[in-house]
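Colleague: Protein chains in written order, with my numbering: chain Z, 1 to 345; chain B, 1001 to 1330.
Quick reminder that beta carbons are idealized off the backbone N, C-alpha and C, glycines included.
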Amino acid sequence: MTHLYPPSPPLPDRAHARTLLRHMVLVRRFEEKCAELYTREKIRGFLHLYIGEEAVAAGSVPVLGPDDSVVGTYREHGQALVRGVPATTVMAEMFGKVEGCARGRGGSMHIFDAGTRFFGGNAIVGGGLPIAVGLALAARREGSAHRGSDGTRVTACYFGDGAAAEGEFHESMNLAALWDLPVLFCCENNFYAMGTPIEISHSETDLALRAASYGMPAWTVDGMDVLAVEDATRRAVEAMRGGGGPHFLEFRTYRFRAHSMFDPELYRAKEEVEKWKKRDPITLLADRMREGGMLDDDGMEEVEAEVRAEVEEAVRFAEAGTWEPVEDLTRFVYSEQDGDDGEAA
Amino acid sequence: MKTTYRAAVREAIREAISQDERVFLMGEDVGRYGGCYAVSKGLLEEFGEDRIRDTPLSESGFVGAGIGAALGGMRPIVEVMTVNFSLLALDQIVNNAATLLHMSGGAFNVPIVIRMATGGGRQVAAQHSRSLEGWYAHIPGLKILAPATLEDARGMLWTALEDPDPVLIFEHVLLYTMEGELAEGAGPVPIDRAATRRRGSDVSIITYGGSLHKSLEAAERLAGEDVSAEVLDLRTLRPLDTEAILETVTRTNRAVIVDEGWRSGSISAEISARITEGAFYELDAPVARVCGEEVPTPYPKHLEDAALPQVEEIVEAARSVLPRTAGVRR
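Given below as structure tokens:
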């Protein structure tokens, strides 16, 4: 961890710092509960945990406004929760219940929520990037038709270092830069594409440098420092609100858990994981808040208690949820119009 | 009004862009070049760069961007130069366009129209001559259209744009130059049912797209042998108009399926299966098929001709399902 980051920004006011902390703790505890529920077979399929990377979602997502759009990956619980998709419907989705945010059709990897403009939940690495470009194109077109040429709506697209090796990454970077579209490319570089380290995936491991080659501003950010994440995101979003084109943020981060629940973690040393855990994003912020006199043990326990209640409520909601009737299996293959049931022909 | 298939498609695009500000066309060489098959010639000058958008050679990128724009409230028409190149965008078409509505539990529909040229017959060899619309018809969530007439070339696009879900339109390369009469007021047509292009009573020739005209020619020849062939133009490969297929077969009791795509695992196999499932006891003969030969389409004319369905083969196939007493004059 010898990256040359700019100095961490100063602490914000207490209320704001507490919100950042609370978001990170919510994601952490929610996912710890998910891991537990997975072992109890309440959650099945693939489960990719974000634990360790919380600063990226907590620092960047709240910078976006309600009219902005978010495109995520299969490791997207963090973004969804911080975006405001209720923990109850996210948990119900993981249970596969009809009360889930996607009626249980997608599960952990496919969180969708129209109300918060959360466009998934994409489990094909790199597959969400062209969609983000299109959402930004729609925003830009709508902007020029209805609100002058301000193009104020931003699309934030999250993806990992693995995606940067996909053709769709390059096609999307080129299109966004070529058409000057307000896409915020948020690369969550956790240094592994599943189990393959970045050094043996990429001929050039400085991903921001590659983005810059498309002619867009690209910065490397300490992804364990929520204040640095927020500061970089604000600068990028402000530039785009003012009519600027795409920006690329490479958040250097680390997942503390395995890639998925099936991963025996044969590819990385325990020492490496322990080293990164010393920069746990929650501890980093909490320590600074304590130093700044904004947090004490009681304050921390208060945050934990609030989160505990929210997670418990989410689990209760998911447990109480219902299974979609099998007769509805073929719904939503096509849109339901004029009383038909949208079933596949 | 005398026109061409190409001009009919252009007119459909022009109308859509004029009437709905959400509609725009994007694809490779659709603007300055005027479209690789000259379909969009003049449209850039008429509508400007926001509505007629030249893209880089990034099939996955711009098809995906079309999907994103559709999610964002637009009604994009994405032109992929040919079906061969659409394979570079398969991830976006299959994993995203066809899947998002279901995977999001109905939250996000994808109102995109993707147009592409398909088919062989121009001596451009294997990588430019494929007929893969049958493949796409395999995918739930997509609607697959194959306009074979001027009316459909003119009218299917608007209906497709009105559809809330992804629609793929396959235009056979040999049809662009086809000339004919089109009514002045020709407009939108339905995209969910087949059309009988020639009435007949002895045998049903079931086909679509570029093979329609070969089938009509075959029917004309068969008429000279006192065989009355009906020609059903499927128009839409997904959803298949099963009712129309079973109806014609129930009347003629004999079926020949003509499809430029390969025989194995094909749309022709699906049609044959549906006939077996729904009209087995109406059949007086096994279903016959005339399909593309199972080779990558070769370059030399004589080999390409041999690889694609030809009128004489269709006539032969029809004869093979008829009783020996029929067609005595041949």
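Can you tell which of Y1208/B, L1101/B, R1197/B has its C-alpha closest to the C-alpha of N122/Z?
Modeller: Here residue 122/Z refers to the residue found at position 122 when the first sequence is read from its first residue. Minimum Cα distance to N122/Z is reached at L1101/B.
Colleague: Helix or strand or just coil, what does DSSP make of R1075/B?
Modeller: In the second sequence, counting from the first residue as 1, residue 1075/B sits at position 75. DSSP places R1075/B in strand when its eight states are reduced to three.
Colleague: How about L1071/B: is its Cβ closer than 6 Å to a heavy atom in the ligand ZN?
Modeller: For the ligand ZN, the structure offers nothing, since it holds no ligand at all.
Colleague: Out of curiosity, what's the CA-to-CA distance linking H1138/B and A1065/B?
Modeller: Taking the first residue of the second sequence as 1, we reach residue 1138/B at position 138. Taking the first residue of the second sequence as 1, we reach residue 1065/B at position 65. Using only the alpha carbons, I get a separation of about 23 Å.
Colleague: Quick one, are the C-beta atoms of V237/Z and V63/Z less than 7 Å apart?
Modeller: Position 237 of the first sequence holds residue 237/Z. Position 63 of the first sequence holds residue 63/Z. Contact flag set, yes.
Colleague: Between the stretch 1099 to 1125 of chain B and chain Z, which residues of the former have a C-beta closer than 8 Å to a C-beta of the latter?
Modeller: L1100, L1101, H1102, M1103, S1104, G1105, G1106, A1107, F1108, N1109
Colleague: Given that D1165/B touches chain Z, what residues does it touch there, using C-beta distances under 8 Å?
Modeller: Here the question's residue 1165/B lines up with position 165 in the second sequence. Neighbours of D1165/B on chain Z, chain order: Y334, S335.
Colleague: Specify the secondary structure class of M289/Z as computed by DSSP and reduced to three states.
Modeller: By 1-based counting over the first sequence, the position of residue 289/Z is 289. M289/Z falls in the helix class under three-state DSSP.
Colleague: Report the option in G1068/B, R1324/B, R1051/B, R1198/B whose CA atom is closest to the CA atom of E1220/B.
Modeller: As a position in the second sequence, residue 1220/B is number 220, starting the count at 1. Answer by Cα proximity: R1198/B.
Colleague: At a CB distance below 8 Å, what residues from the stretch 127 to 141 of chain Z approach chain B? Give them in sequence order.
Modeller: G127, L129, P130, I131, A132, V133, G134, L135, A136, L137, A138, A139, R141
Colleague: Write down every uninterrupted run of the alpha helix (DSSP H) in the stretch 1085 to 1166 of chain B whose length is 4 residues or greater and which is fully enclosed by it, in chain order.
Modeller: Listed in chain order, the complete alpha helix (DSSP H) runs (minimum 4 residues) inside the stretch 1085 to 1166 of chain B are 1100 to 1103, 1133 to 1136, 1150 to 1162.
Colleague: By alpha-carbon positions, which one of G1180/B, G1105/B, I1093/B, T1177/B ends up nearest to P1166/B?
Modeller: Counting from 1 along the second sequence, the entry for residue 1166/B is found at position 166. Looking at the Cα atoms, I1093/B is the closest of the given residues.
Colleague: Per DSSP, what kind of secondary structure is Y74/Z in: helix, strand or coil?
Modeller: Numbered from its first residue, the first sequence carries residue 74/Z at position 74. Residue state, collapsed to three classes: coil.
Colleague: To the nearest whole angstrom, what separates the beta carbons of L87/Z and F30/Z, a pair I think is in contact under 8 Å?
Modeller: What you label residue 87/Z is simply residue 87 of the first sequence in a count that begins at 1. What you label residue 30/Z is simply residue 30 of the first sequence in a count that begins at 1. The amino acid at residue 87/Z is misidentified as Leu; the sequence shows Ala. The pair is a contact, with the Cβ atoms about 6 Å apart (cut-off 8 Å).
Colleague: Under three-state DSSP, which class holds H247/Z?
Modeller: If you number the first sequence from 1, residue 247/Z lands on position 247. Look at H247/Z here: in three-state DSSP terms it is strand.
Colleague: Within 7 Å of any Cβ in chain Z, is that where the Cβ of M1081/B sits?
Modeller: In the second sequence, the residue the question calls residue 1081/B occupies position 81. No - not a single Cβ of chain Z is within 7 Å of the one on M1081/B.
Colleague: Quick one, are the C-beta atoms of T1236/B and L1175/B less than 7 Å apart?
Modeller: Residue 1236/B sits at position 236 when you count from the first residue of the second sequence. Residue 1175/B sits at position 175 when you count from the first residue of the second sequence. Taking 7 Å as the Cβ cut-off, T1236/B and L1175/B do not qualify as a contacting pair.
Colleague: Beta strand (DSSP E) containing M1026/B: first to last residue?
Modeller: As a working note, residue 1026/B is residue 26 in the second sequence. Looking at the DSSP string, the run of the beta strand (DSSP E) that includes M1026/B is 1023 to 1027.
Colleague: For a contact meaning CB atoms closer than 7 Å, what does G348/Z contact in chain B?
Modeller: Given a span of 1 to 345 for chain Z in the structure shown, any question on residue 348/Z remains unanswerable.
Colleague: Against chain B, does F112/Z count as a neighbour if the rule is that its beta carbon must be under 7 Å from one of theirs?
Modeller: Sequence index remark: in the first sequence, residue 112/Z carries index 112 (1-based). Closer than 7 Å: yes.
Colleague: Could you tell me whether any Cβ in chain Z is nearer than 7 Å to the Cβ of I1067/B?
Modeller: For this step, residue 1067/B is matched to residue 67 along the second sequence. Answer yes: the Cβ-Cβ gap between I1067/B and chain Z drops below 7 Å somewhere.
Colleague: Please classify G151/Z: does DSSP put it in a helix, a strand, or coil?
Modeller: As a working mapping, residue 151/Z is identified with position 151 in the first sequence. Note on G151/Z: pLDDT 48, under 50, position unreliable in the model; no value is reported.
Colleague: How many Å lie between A55/Z and P182/Z at the Cα?
Modeller: Indexing the first sequence from 1 puts residue 55/Z at position 55. Indexing the first sequence from 1 puts residue 182/Z at position 182. Those two C-alpha atoms are separated by around 23 Å.
Colleague: What are the partner residues of W179/Z, as DSSP defines its beta bridges?
Modeller: Here residue 179/Z corresponds to residue number 179 of the first sequence, with the count starting at 1. W179/Z pairs with nothing; no bridge assigned.
Colleague: Which residue's Cα is closest to the Cα of G1121/B: R1115/B, S1131/B, I1112/B?
Modeller: As a working mapping, residue 1121/B is identified with position 121 in the second sequence. That would be S1131/B, whose Cα lies nearest to the Cα of G1121/B.
Colleague: Could you give the uninterrupted runs of the beta strand (DSSP E) lying entirely in the stretch 8 to 84 of chain Z, keeping only those of 3 residues or more?
Modeller: Listed in chain order, the complete beta strand (DSSP E) runs (minimum 3 residues) inside the stretch 8 to 84 of chain Z are 69 to 73.
Colleague: Taking contact to mean at least 3 C-beta pairs separated by less than 8 Å, is the stretch 243 to 254 of chain Z in contact with the stretch 182 to 202 of chain Z?
Modeller: yes
Colleague: Is E291/Z close to chain B, meaning its C-beta is less than 7 Å from at least one C-beta of that chain?
Modeller: On the first sequence, position 291 is the one that residue 291/Z refers to. So, not an interface residue.
Colleague: Between which two residues does the beta strand (DSSP E) carrying I1205/B extend?
Modeller: As a position in the second sequence, residue 1205/B is number 205, starting the count at 1. First-last of the beta strand (DSSP E) with I1205/B: 1203 to 1207.
Colleague: Give the residues of chain B in contact with I124/Z, contact being defined as C-beta atoms less than 7 Å apart.
Modeller: To locate residue 124/Z, count along the first sequence from 1; it is residue 124. Result: D1091, N1095.
Colleague: In the DSSP output, what is A1255/B paired with across the bridge?
Modeller: Residue mapping note: residue 1255/B aligns to position 255 of the second sequence, counting from 1. S1204/B.
Colleague: For R1006/B, which three-state DSSP category applies?
Modeller: The sequence position of residue 1006/B within the second sequence is 6, counting from 1. Correct three-state label for R1006/B: helix.
Colleague: Could you check where the beta strand (DSSP E) with E1181/B kicks off and where it finishes?
Modeller: Translated into the one-based positions of the second sequence, residue 1181/B becomes position 181. Counting along the chain, the beta strand (DSSP E) containing E1181/B begins and ends at 1179 to 1181.
Colleague: Can you pull the chain B residues whose beta carbon is under 7 Å from the beta carbon of S172/Z, in chain order?
Modeller: On the first sequence, position 172 is the one that residue 172/Z refers to. Chain B residues near S172/Z: G1061.
Colleague: Run through the DSSP bridge pairs and tell me what A320/Z is partnered with.
Modeller: Position 320 of the first sequence, counted from the start, is the residue given in the question as residue 320/Z. Per DSSP, none; premise fails for A320/Z.
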